[in-house]
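Report on the following structure.
In our numbering, the protein residues as written are 3 to 132.
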C-alpha cells in the first residue's frame, strides 16, 4: 500500500510540473505577442487607423502603413482578428483614397472592404446576415 502512495505522488508531481510548464509557455507567448514585433505592429496599426478615423492622417504615413501591414500579414490569425476588431483594411482604403487615389492597390482594397469576412478563418458564409 505504501508503494502505491509513492507512485501516486510521483505521478501527481509529474502532472503538476507539466501544467506549470504549460502555464509558463503560455505566459511567455502572451508577453512576446504583446511586446514583440506583433505587438508593435498591432499598436501602430491601431494608431494609424485612429488617425484616419479622426481625419488627422497625413500623406507621409504611407511608409508606416507599408511597414506594419506586411509584418502583421505573417500572422494570419492575428491579422484577421485585428481587422475584424478595428477594420484597418477599411481605414487604409480611406487613407489611400484621400492621399494616393492612383495607388494600384486601391481597387483590390475597395473590393475587400465591400465583402467583409464573417469568421476568423476568412470564410464568407452564404446567407449569413452578420
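For glycine and all other residues, C-beta sits at the position ideal for the given N, C-alpha and C.
All values reported here derive from a predicted model rather than from experimental measurement.
Within a 10 Å sphere around the beta-carbon of residue 54 sit 16 or more other beta-carbons, which makes this residue buried. Under a 10 Å Cβ-count criterion, residue 95 is classified as buried, with 16 or more other Cβ atoms of the shown protein chains found around its own Cβ. Under the DSSP assignment, residue 41 falls in the alpha helix (DSSP H) whose first and last residues are 39 to 55.
Collapsing the DSSP output to three states places residue 60 in coil.
Beyond the five residues adjoining it in sequence on each side, residue 75 comes within less than 8 Å, by CB distance, of 81 in the same chain, given in chain order. Put simply, the backbone Cα of residue 78 is about 10 Å away from that of residue 85. With a threshold of 16 other beta carbon atoms within 10 Å, residue 92 meets it and is buried. By the Cβ-count criterion, residue 37 is exposed, with fewer than 16 other Cβ atoms from all chains shown falling within 10 Å of its own Cβ. When C-alpha distances from residue 90 are compared across 103, 105, 114 and 109, the shortest belongs to 114.
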